[in-house]
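Residue numbers (the UniProt record's numbering): 1 to 254.
No residue lacks a Cβ here, since even glycine has one placed at the ideal position from N, Cα and C.
Each remark here refers to the structure printed beneath this line.
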């Protein structure tokens, strides 16, 4: 089998099974594990997969620009936002992470809701500026332009002073075995601080982000209290998440 054919086969297996193992590919393709590792490395460099110990997973779709991500799965994000917004109660302090899905959550908060929203996202702060009852706390830091969020030591230090009731986490990638991950190291530190500062953590994930991985690990899946996803996601796809004791929320009215 030619190299190109072998790599195409690897990608087909990855799309079908959501992961590949080096040892299994070596046996099926009758080549050494060194050859498979080289294939995976070069496919990862081209953005086709994310390498993990022993194999590879699908890559995160959140590697695209903020503008491009706003165009991805708009109906899914609105459904997720409707379900997530219902988790916010009057009087709560809520950390609202950056992202295009969390922006939709901000837009779906009821106009009579009295709460404090802490965010590192300029778009979210602007979206809530006209809300009559919500107090907005904007976290400072260095603007990570690709994701339009503030990151860095200043952001992390500010989060250490906050004890929130709820954290709405914008999920770049989530996997039952490899946990929550992102494409930027500074953003990983900020998300970790958000999780540490909240009593409950809500992960917001469209279907394309499930069972994927990015280079920088935030926390294990056990850091989440709830996983809010789209109603179109199949029960089969969510089985492994439920098995870990994670509460799954979907807006079935969508």
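Rounded separation between residue i and residue j - CA only
i: residue 116; j: residue 124; result: 13 Å
i: residue 87; j: residue 173; result: 22 Å
i: residue 58; j: residue 37; result: 16 Å
i: residue 145; j: residue 68; result: 13 Å
i: residue 47; j: residue 112; result: 44 Å
i: residue 232; j: residue 17; result: 19 Å
i: residue 7; j: residue 60; result: 19 Å
i: residue 45; j: residue 14; result: 16 Å
Neighbourhood of residue i by C-beta distance below 8 Å, restricted to the same chain and skipping five residues each side
i: residue 197; result: 95, 159, 160, 162, 163, 164, 167
i: residue 85; result: 105, 108, 109, 110
i: residue 216; result: 181, 182, 183, 184, 185, 187, 188
Distance CB(residue i)-CB(residue j) smaller than 8 Å
i: residue 70; j: residue 90; result: no
i: residue 229; j: residue 77; result: no
i: residue 2; j: residue 54; result: no
i: residue 147; j: residue 203; result: no
i: residue 140; j: residue 119; result: no
i: residue 192; j: residue 218; result: yes
Whole-Å CB distance - residue i paired with residue j, under 8 Å assumed
i: residue 225; j: residue 239; result: Rounded, the Cβ-Cβ distance is 19 Å, inconsistent with contact.
i: residue 235; j: residue 79; result: Going by Cβ atoms, the distance from residue 235 to residue 79 rounds to 16 Å, so no, they are not a contact pair.
Cutoff 6 Å; reference residue i; Cβ partners in own chain excluding five residues on either side
i: residue 33; result: 22, 26
i: residue 40; result: 51, 56
i: residue 254; result: With a pLDDT of 48 at residue 254, under the threshold of 50, the modelled position of this residue cannot be trusted; read the value that follows with caution. Excluding residues within five positions, the ones whose Cβ falls inside 6 Å are 79, 231.
i: residue 214; result: 60, 172, 173, 181, 182, 183
Report the start-end ranges of each beta strand (DSSP E) in the segment 67 to 124 that is 3 residues or longer and not cut off at the edges. 93 to 96, 115 to 119
Write down every uninterrupted run of the alpha helix (DSSP H) in the segment 122 to 201 whose length is 4 residues or greater and which is fully enclosed by it, in chain order. The segment 122 to 201 contains these whole alpha helix (DSSP H) runs: 122 to 128, 153 to 159, 185 to 196.
Please give the ranges of any beta strand (DSSP E) in the segment 29 to 70, keeping only runs that are unbroken, at least 3 residues long and fully inside the region. As far as the segment 29 to 70 is concerned, its whole beta strand (DSSP E) runs of at least 3 residues are 50 to 52, 55 to 59.
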